[in-house]
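Number of protein chains: 2
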Amino acid sequence: MTLPLRPWYDQPMLYIAESPGRGRGVFAQRQIHSGQLIERAPVIVVPAGQWEGMDRTVLFDYFFAWGEHSAIALGYGSLYNHAYQPNARFVKHFSQQVIEFYALRAIESDEEILINYNVDPGDDSPLWFHVLA
Amino acid sequence: MTLPLRPWYDQPMLYIAESPGRGRGVFAQRQIHSGQLIERAPVIVVPAGQWEGMDRTVLFDYFFAWGEHSAIALGYGSLYNHAYQPNARFVKHFSQQVIEFYALRAIESDEEILINYNVDPGDDSPLWFHVLA
């Protein structure tokens, strides 16, 4: 693990608010540039052998695949909602136990930041929940 | 829930680094004043009925009691290490699904921020793991 993970930003960039129909979501506190790093979220890795029964808990909706294991993202990493046309993407750094979130285009202040849970921003494979239009 | 949770700070205050013998920990990026709000961490509430088997996973070490339920703290809330003489305390806001962390005394830059997992900063009840001196 490469530590410390010092904050890379000079100003807070994000806030949490209610996203209609989706529960909480992550919103831009100020304008974010295309390609900009939005957040470096540490994760807790849950080994594959401990996964049993987790699909019957609320945590199932939050986990990221983490190689053969699963991970729960801290920071605001667990609160980004899904879109098939997202404005952000994420990159997993396994050795650092970190997920980085990057803007795919310019994001306006107060715009919700959305990622494609299928990882590839262009992947429109069905998900396990009903996706809002 | 009272939302949005806008960041309350002007500058980043925290970073994650390795804490010898304790894994990751949360450190002060700059001086923090006594009584100052360090972080407002959103939580994911796991209902009591979904708790079964969770004690056999790594998540057991991270959960906060949340009334009759349990909660996993996002932000850096899951990464604060324990001390019987902590320099920070936490307050749960059930309706907001948020845990606030406050400095109990002045904290220097690069000092690790520690909380008493027994909640009451003066409570020296034994914990479920070996506490480093």
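Line order of the protein sequences matches chains Y and V.
In the numbering used here, each residue's number is its place in the first sequence (first place is 1) plus 2.
In the numbering used here, each residue's number is its place in the second sequence (first place is 1) plus 2.
We put the beta carbon where it would ideally sit given N, CA and C, even for glycine.
Bear in mind the structure is a predicted one, so any value in this text is a computation, not a measurement.
Exercise for the section: Report yes if the CB atom of V/Pro-88 is closer than 8 Å to the CB atom of V/Ile-117, and no otherwise. Expected result: yes
Problem - Beta-carbon proximity check, V/Tyr-64 vs Y/Ile-46, cutoff 8 Å - result: yes
Exercise for the section: Look at the Cβ atom of V/Tyr-17, then the Cβ atom of Y/Leu-76, and state whether they are nearer than 8 Å. Expected result: no
Handout entry: Cross-chain neighbours of V/Val-45 in chain Y, by beta carbon under 8 Å
Key = Under the 8 Å cutoff, chain Y gives no residues; its nearest Cβ is about 10 Å from V/Val-45.
Practice task
Using a Cβ-Cβ cut-off of 8 Å, state whether Y/Val-60 counts as contacting chain V.
Solution key: yes
Exercise for the section: With DSSP as the reference, label V/Phe-62 as helix, strand or coil. Expected result: helix
Practice task
Within its chain, find whatever has a CB closer than 7 Å to the CB of V/Pro-14; leave out the 5 residues flanking it on each side and keep chain order.
Solution key: Gln-31
Problem - Three CB pairs or more closer than 8 Å across the region 66-76 of chain Y and the region 94-103 of chain Y - result: yes
Problem - Y/Tyr-86 versus V/Ser-111: straight-line alpha-carbon distance, rounded - result: 42 Å
Exercise for the section: With DSSP as the reference, label V/Gly-51 as helix, strand or coil. Expected result: helix
Practice task
Enumerate in chain order the residues of its own chain whose CB-to-CB distance from V/Ser-72 is below 8 Å, with the five nearest sequence positions on each side excluded.
Solution key: Val-47, Val-48, Ala-50, Trp-53, Met-56, Phe-65, Phe-66
Practice task
Return yes when the Cβ of Y/Leu-39 is within less than 8 Å of the Cβ of Y/Glu-102, no when it is not.
Solution key: yes
Practice task
Check the Cβ of V/Tyr-78 against every Cβ in chain Y and list those closer than 9 Å, keeping chain order.
Solution key: Pro-44, Leu-76, Gly-77
Practice task
In the DSSP assignment, find the beta strand (DSSP E) that holds V/Tyr-104 and state where it starts and stops.
Solution key: 100-105
Handout entry: Cβ-based neighbour list, Y/Thr-4, same chain, cut-off 8 Å, excluding 5 preceding and 5 following
Key = With a pLDDT of 46 at Y/Thr-4, under the threshold of 50, the modelled position of this residue cannot be trusted; read the value that follows with caution. Ser-97, Gln-98, listed in sequence order.
Problem - Same chain, Cβ closer than 7 Å to Y/Phe-92, five either side skipped, listed in chain order - result: Ile-101, Glu-102, Phe-103, Ile-117
Practice task
From the DSSP output, read off the bridge partner residues of Y/Ala-73.
Solution key: Y/Val-47, Y/Phe-66
Exercise for the section: Report yes or no: is there a C-beta of chain Y within less than 8 Å of the C-beta of V/Glu-54? Expected result: yes
Practice task
Could you list which residues in chain B have their beta carbon closer than 8 Å to that of Y/Val-93, in chain order?
Solution key: The structure shown contains no chain B; the protein chains it does contain are Y and V.
Practice task
Check the C-beta distance from Y/Ser-21 over to Y/Asn-83 and give it rounded, since I have them as a contact under 8 Å.
Solution key: 6 Å
Exercise for the section: Answer with yes or no whether the minimum CB distance from Y/Arg-26 to chain V is below 8 Å. Expected result: yes
Exercise for the section: Return the residue from the list V/Pro-44, V/Arg-107, V/Ser-80 that minimises the CA-CA distance to V/His-35. Expected result: V/Arg-107
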